[in-house]
Structure formats: structure tokens, C-alpha cells
């Protein structure tokens, strides 16, 4: 039962443009959301997170937006750079099981020069 | 650099032959996790250790066991691997079980297990 869904397996964006990665969730108990980035042959690395008390969190070129009513979050990367090419995983957790991360299947982003 | 190390990076085993995957960390974190990621699937938490306290996820098969002899090392034992256990196994650590960017999970590069 996949509670976190990333419906786009891949995305291609030109360098300098905006990349938008989407994530949907089904469990209304989720109240903390994270994005991880994974390069080939490396483990996922934490990128940015957002608590359900917020609807936006920004860190440099990366911004995460949360729409609780739609159970949807998105990661915006602007401007996109070739080094951003990686697999991006969305993850969510709930206060009831604070440590347990529920991951999506990932979206492979390719930023072309 | 402080990091999470997984050895070997690739492991081939025979159907039914016990296999052990290794994880070590230099972060001195209290918590160590094991995730299973099958091809094109999301990483799935199998279990975690908080110090010496072991916590199994409800749907983790009995075939999977874990040992944590000290803070730095954690092992994943698969007693009788089946073809369906072929996957990437990711080890992760965190300082505590709290949530927040300060308590993020740090992942190793993974061990890809092939079952023949």
C-alpha cells in the first residue's frame, strides 16, 4: 500500500529553467515531509523538509510547497543546474511514528545544458 | 569525513544460503536503520536500532534479522534468501528518533544483493 506517490518517474528540464517535482500522499496523519536526492552509486542525501504547520519552506534554489487539503507537495528548483540531475525521493512521516519514513518511488530529474 | 559505509557494495548469494550485509558509521549516531529497496520501488524500512534496542517493522519477514554489536556497526542477516529478496539494501543513521532537519537520516551507498 503506497502511501506516498511520485507519479512521474522522470523529468527533463533545460538548464536555467524551473524544475517542479510532485508528490502526493494518502495518509492524513502525515505531518512532516522531506525530499531526498540520490546520485548513482550513492545513498540518498537529505535536501529539504517541511512541517505541516507551514505551507512553504525555502533553502537557496530549493523550495518545497505543501498543500494539505490536496495532500500534495512539490519541490521547486530554480534555476536548475546540470548538477541537479539525480533521483529525488519524497518522504513523509507522522507524529505517531516519528522516525518511520514512508518513501515514494522517486523521480529521475535530468537537467540538460 | 564522517560517513555511513556499507560493505560489500554488491553481494551475490545462492537461494537459501544465509548472507550477512554490513554497515558501519563514523557519525556516532544512536540510531541505525535498514531499508530494502526493490527495483523501481520506494525504500521500505525493515527495522532500526536505538542504541541496543531493536525495533522491527510489523511487516518485516522473519527471514530478516539484525545485530548491532556496538555503536558503529550494524548487520543485516538474511537467513534463507529467496529470489524475492534480491534488492538494494540501504543502511541509514540518525542522532535520535526525533524529527526535524537536525535529526535527518544519513544513508550509506547501499549493498545490491543478487540471489541466484
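Chains as they are written, first to last, in the numbering used here: chain A, 3 to 115; chain B, 58 to 173.
Quick reminder that beta carbons are idealized off the backbone N, C-alpha and C, glycines included.
Computed from a prediction, not measured in an experiment: that's the story for all the values here.
contact_flag[the region 64–74 of chain B, the region 108–128 of chain B] where n(CB pairs < 8 Å) is 3 or more: no
Same chain, Cβ closer than 6 Å to residue 169 (chain B), five either side skipped, listed in chain order: Within the second chain, the letter at position 112 stands for residue 169 (chain B). Contacts found: 67 and 145.
Contacts of residue 62 (chain A) in chain B (Cβ-Cβ under 8 Å): Stepping through the first chain from its first residue, residue 62 (chain A) is reached at position 60. Result: empty, since nearest Cβ-Cβ is about 14 Å, beyond 8 Å.
CB contact below 9 Å: residue 137 (chain B) versus chain A: On the second chain, residue 137 (chain B) is found 80 positions in, with the first residue counted as 1. It does not: the Cβ of residue 137 (chain B) has no partner Cβ on chain A nearer than 9 Å.
C-alpha distance - residue 80 (chain B) paired with residue 149 (chain B), whole-angstrom precision: For the purposes of this step, residue 80 (chain B) is taken as residue 23 along the second chain, with counting starting at 1. For the purposes of this step, residue 149 (chain B) is taken as residue 92 along the second chain, with counting starting at 1. Near 9 Å, if we compare the C-alpha coordinates of residue 149 (chain B) and residue 80 (chain B).
Assigned exposure category for residue 109 (chain B) - 16 Cβ within 10 Å defines buried: In the second chain, counting from the first residue as 1, residue 109 (chain B) sits at position 52. Only exposed fits residue 109 (chain B), as fewer than 16 other CB atoms lie within 10 angstroms of its CB.
Test item: CB-CB of residue 162 (chain B) and residue 90 (chain B) under 9 Å: Position 105 of the second chain, counted from the first residue, corresponds to residue 162 (chain B). Position 33 of the second chain, counted from the first residue, corresponds to residue 90 (chain B). Contact: yes.
Inter-residue spacing [alpha-carbon to alpha-carbon] between residue 101 (chain B) and residue 72 (chain A): What you label residue 101 (chain B) is simply residue 44 of the second chain in a count that begins at 1. What you label residue 72 (chain A) is simply residue 70 of the first chain in a count that begins at 1. Answer to the nearest angstrom: the Cα atoms are 24 Å apart.
Cut-off 7 Å between Cβ atoms - residues of its own chain near residue 49 (chain A), not counting five sequence neighbours on either side: What you label residue 49 (chain A) is simply residue 47 of the first chain in a count that begins at 1. Closer than 7 Å at Cβ, skipping near neighbours: 37, 38, 39 and 64.
Chain-ordered chain B contacts of residue 56 (chain A) [CB-CB under 8 Å]: Sequence index remark: in the first chain, residue 56 (chain A) carries index 54 (1-based). Result: empty, since nearest Cβ-Cβ is about 13 Å, beyond 8 Å.
Contiguous beta strand (DSSP E) assignments of at least 3 residues, all confined to the region 93–146 of chain B: 101–107, 110–113, 121–124 and 130–135
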